[in-house]
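Going by full-length UniProt numbering, 12 is the number at position 12 of the sequence shown; the sequence numbering is gapless.
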Amino acid sequence: MKLRNFSLILLLFCVSITSAQRMMRQGAEPIDWVKKLDLTDEQAKQMAEIQEYFRSEMMSMMDNPSGDRMGMMYAMQDIQKERDKKIKKILNKQQYKKYDKELKAQQKERRRRMQERGRGEQRRGQGQRKGIN
């Protein structure tokens, strides 16, 4: 009986760890701009069109990489600037301020996660060089 209970607890523990790791890998949830910025129906429609257009632009860039990572990064930054210009035209000042703040917070979080992943890879790489695995 004790062994069965222990096994069940161990199984639940493993499942919870696995699901937590999966959630961390998935990254941040997409932002619901309609709720976050209190958009009108027309603004929501325009925002969706802009987001979809620029998302497809970025995806096509990623599907056809040139090998020049820095060039690709600068091109993506240009696309983001163009997207933000178009979005600024449809939002009022208060909405755009919220939009900009949320975008910067999301970028900061992305950078933090990338750095964490990089440190983890460094540790694994160092262990392999020393023959510690």
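Idealized CB from N, CA, C, for every residue including glycine.
As the structure is a computational prediction, the values presented were derived from the model and not from experiment.
- Using a 10 angstroms sphere on the CB of residue 99, the tally of other CB atoms reaches 16 or more, which defines it as buried.
- If you draw a 10 Å sphere on the C-beta of residue 95, you find 16 or more other C-beta atoms in it, and that means buried.
- The continuous alpha helix (DSSP H) containing residue 60 extends over residues 41–63.
- Close CB contacts of residue 75 within its chain, under the 8 Å cut and outside five residues either way in sequence, are with 61 (chain order).
- Of the other Cβ atoms in all chains shown, 16 or more fall within 10 Å of the Cβ of residue 87; this residue is therefore buried.
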